[in-house]
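Have a look at the structure below before the remarks.
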Amino acid sequence: MTAFIFPPFENHGGHLTLDNVDLVDLNEKMGSPLLVVSEKKIRENYRSLDQAFRKQYSKFAIRYAVKSYANLAIISILRQEGAGADCSTPEEIKIANMAGIPHKLITFTPNNSHKNELEYGIEKGVSLNFDDIPQMRLVKGHLPEVVSFRVNPGVGGGEFPGIVTAGPKTKFGIPVDVVKGAYKEAMSLGADKFGMQMMAGSNALDWHHFDAISKAYFGLAGKISQELEIQFKYLDIGGGFGVPYRKDQEELDLESAAGCIVNNLREACSKYGMDEPELIVEPGRSLVSNSAVLLGKVTNVKSYDKTFVGTDIGMNLLLRPALYGAYHHIVIANALGREPEGEADIVGQICESTDKIGNDMMFPKAEVGDTIAVFNAGAYVSSMSSNYNGHLRPAEILIGPQGVSVIRNAESTSDLVKGMNVPEHLLK
Ligand code: LLP
Numbered sequence: 003m004t005a006f007i008f009p010p011f012e013n014h015g016g017h018l019t020l021d022n023v024d025l026v027d028l029n030e031k032m033g034s035p036l037l038v039v040s041e042k043k044i045r046e047n048y049r050s051l052d053q054a055f056r057k058q059y060s061k062f063a064i065r066y067a068v069k070s071y072a073n074l075a076i077i078s079i080l081r082q083e084g085a086g087a088d089c090s091t092p093e094e095i096k097i098a099n100m101a102g103i104p105h106k107l108i109t110f111t112p113n114n115s116h117k118n119e120l121e122y123g124i125e126k127g128v129s130l131n132f133d134d135i136p137q138m139r140l141v142k143g144h145l146p147e148v149v150s151f152r153v154n155p156g157v158g159g160g161e162f163p164g165i166v167t168a169g170p171k172t173k174f175g176i177p178v179d180v181v182k183g184a185y186k187e188a189m190s191l192g193a194d195k196f197g198m199q200m201m202a203g204s205n206a207l208d209w210h211h212f213d214a215i216s217k218a219y220f221g222l223a224g225k226i227s228q229e230l231e232i233q234f235k236y237l238d239i240g241g242g243f244g245v246p247y248r249k250d251q252e253e254l255d256l257e258s259a260a261g262c263i264v265n266n267l268r269e270a271c272s273k274y275g276m277d278e279p280e281l282i283v284e285p286g287r288s289l290v291s292n293s294a295v296l297l298g299k300v301t302n303v304k305s306y307d308k309t310f311v312g313t314d315i316g317m318n319l320l321l322r323p324a325l326y327g328a329y330h331h332i333v334i335a336n337a338l339g340r341e342p343e344g345e346a347d348i349v350g351q352i353c354e355s356t357d358k359i360g361n362d363m364m365f366p367k368a369e370v371g372d373t374i375a376v377f378n379a380g381a382y383v384s385s386m387s388s389n390y391n392g393h394l395r396p397a398e399i400l401i402g403p404q405g406v407s408v409i410r411n412a413e414s415t416s417d418l419v420k421g422m423n424v425p426e427h428l429l430k
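If you read the sequence shown in our numbering, its first letter stands for residue 3, the second for the next number, and so on.
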C-alpha cells in the first residue's frame, strides 16, 4: 500500500517530490530539518479564493494574515497576486511593508495594545480595528480616518477550543449589546467614517459555519448602520477558511462559503438600507498551509511498552499537536511504499513529554536515517516555532519557477545569544 500524500507533492519511485525536486535528496543536501514550500500552490490557493468571491462581489479584497507564515518571500508571492496584509502587531506591519505591501492595503487588528502601538498604525494609515472601547479612548485625540471595531457577533467556531475566537467567553472583540455604544462614542469623538471587523475562529471546513457567522455579523452591522444612520466603508469577516489535515477530510466548499457570505451581506444591505461596503477577508491558513512540508530525519526508534519514532522535528518546530492536539499527516518520504506496521508516537528531541508531532499514528516500521515529511506545514508552523532547548530554526526553501531558493537561512548559535549581554561583574 502506498502512503497517502497531499497534492501538489508527488510520489516518484517511492520518494516524495515537489515539481520534480526529490525532497529526500534536498533534505540530505540542505541539512535536516528543512521546510519546503511550493510557490505554485500558494498562487493557486489565492486564485481560487479570490475567484470564488470576486465573481459574485467585485468590491472584494484579500488581506493575507501574516501571522500564519511571516516570511518576506511568502508575503511577496501574495503581494504579486494582489493581496494586502492582515497584521496583529506593528512588527507584522513592518514585515508586510518590507515585502512591498503598501500601508493602505494593510489591516491592523491588535488586542490589548499599548497606546504607542495603536498610534503607529494610525500614523501609517492602516485600517485599524479597535478590540475594545477603552483602546479607542487611548487615541481619542487623533482617531484614524475610518473608525472600526472588532465585534464578537455571539457565534464562533473552529477546529479546536483553542482556535475559536468569537462567541461566549472569548477574549476578542466587543459583544453584540455593546457594539452600538462603541460606534456612538466614536461619533461623539468626531468620527464620520466607519468599518467593522470580526474573526469567528480558525480551520472551519463546513461552509454552513460561514453562513451562520456571516448572517449574525452582517445583521449586526445592518442594525448599527440603520439605528445610527451611518455607513460602513468596509466590513471585514476575518479568516478561518479551513483545509484538510487528514486524508479522509473533505475540502471546504469555497463556492458555497463565498456564496452564502455574499448573499447574507446583500440581504443585510437591502434589509437595513446599508450601502454595499468593501468586503474584506483575512485568510492565513487557506493560502499557505498545504503549500509546505516539514522534512526531518528519524534519529532513534524505541519500542518497549510503546513505539516512539524519535526525529529531529519536535514541538519547537511544530507546536500545534502539543498545543491543540492537532493532527498532521506524516509519511516516510524515502519509502512511500513501505507498509504500515503499527501504532507509534512520532516525537522530537525536546525535554518534555508533550513533545509529540504524531499521536498513536498508524506508521510503517521506521529506521534510523529515514526521512519523514510532515504535511500542512505552511501555516502556523514556522511562525509558531521557538528555540526551546537550544534548537536552531531550520532553513526554509521555496520551490518555484526559478527552481530552488533559500528564503530563510538556517539559524546558527549566534542567533541563540543575539542581544544578550553579560554584566561586567559576571565576566570573572
Ligand atoms: N484575522 C485575525 C484577526 C485572526 O486572529 C486570524 C487568526 C486570522 C485572520 C487568520 O485566520 P486563518 O485564516 O488562518 O484561520 N495558531 C492556530 C490558529 C490561530 C488563529 C488565530 N487567528 C493554529 O495553529 O491552528
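Each residue gets a CB set at the ideal place from its N, CA and C atoms; glycine is no exception.
Per DSSP, what kind of secondary structure is residue i in: helix, strand or coil?
| i | result |
| --- | --- |
| TYR274 | helix |
| LEU51 | helix |
| THR356 | coil |
| ARG340 | coil |
| PHE365 | strand |
| TYR236 | strand |
| PHE280 | Looking at the sequence itself, residue 280 is Glu, so the reference to Phe does not match. It is a strand residue. |
| ASN334 | Note that residue 334 is Ile in the sequence shown here, rather than Asn. Three-state result, ILE334: strand. |
| SER407 | strand |
| VAL166 | strand |
| LEU428 | helix |
| SER384 | helix |
| MET3 | coil |
| MET422 | coil |
| LYS171 | coil |
| ASP255 | coil |
| TYR329 | coil |
| ILE76 | helix |
| ILE95 | helix |
| GLU161 | coil |
| MET32 | helix |
| GLN58 | coil |
| PRO285 | coil |
| ALA101 | coil |
| LEU267 | helix |
| GLU231 | coil |
Report buried or exposed for residue i, applying the criterion of at least 16 other Cβ atoms within 10 angstroms of its Cβ.
| i | result |
| --- | --- |
| GLN251 | exposed |
| HIS330 | buried |
| ARG248 | exposed |
| TYR306 | exposed |
| LEU418 | exposed |
| THR415 | exposed |
| ARG152 | buried |
| HIS144 | exposed |
| LEU432 | The question about residue 432 has no answer here: the residues shown for the chain are numbered 3 through 430. |
| GLN53 | exposed |
| GLU369 | exposed |
| ASP372 | buried |
| HIS14 | exposed |
| GLN82 | exposed |
| LYS358 | buried |
Which residues does DSSP pair with residue i in a beta bridge?
| i | result |
| --- | --- |
| LEU37 | LEU296 and GLU398 |
| ILE66 | A small correction: the amino acid at residue 66 is Tyr; Ile does not occupy that position in the sequence shown. Beta-bridge pairing links TYR66 to ALA87. |
| HIS144 | Per DSSP, none; premise fails for HIS144. |
| THR309 | SER305 |
| THR373 | LYS299 |
| PRO246 | Bridge partners of PRO246: none, in fact. |
| ILE348 | VAL311 and GLY360 |
| THR19 | GLU12 and ASP24 |
| ARG45 | In the DSSP output, where bridge partners are listed per residue, ARG45 has none listed. |
| VAL153 | ILE176 |
| THR109 | ASP88 and SER129 |
Touch test, the stretch 133-143 against the stretch 159-172, Cβ-Cβ under 8 Å, three pairs minimum: no
Cβ contact check for the stretch 336-352 and the stretch 300-320: 3 or more pairs under 8 Å: yes
Contained alpha helix (DSSP H) runs [length at least 4] in the stretch 190-216, N- to C-terminal order: none
Three or more C-beta pairs below 8 Å linking the stretch 221-229 and the stretch 8-22: no
Touching by the beta-carbon criterion (3+ pairs, under 8 Å), the stretch 89-103 and the stretch 64-72: yes
Unbroken stretches of the alpha helix (DSSP H), 4 residues or longer, contained in the stretch 112-141: 117-126 and 135-139
Cβ contact (3+ pairs, closer than 8 Å) linking the stretch 26-37 and the stretch 352-364: no
At least 3 beta-carbon pairs within less than 8 Å: the stretch 318-325 vs the stretch 383-399: yes
At least 3 beta-carbon pairs within less than 8 Å: the stretch 236-244 vs the stretch 190-204: yes
Inter-stretch contact (C-beta, 8 Å, three-pair minimum) for the stretch 353-370 and the stretch 397-406: no
Touching by the beta-carbon criterion (3+ pairs, under 8 Å), the stretch 192-199 and the stretch 255-270: no
Any 3 or more C-beta pairs closer than 8 Å across the stretch 180-188 and the stretch 209-220: no
Validate contact between the stretch 103-111 and the stretch 119-130 using beta carbons, cut 8 Å, 3 pairs: yes
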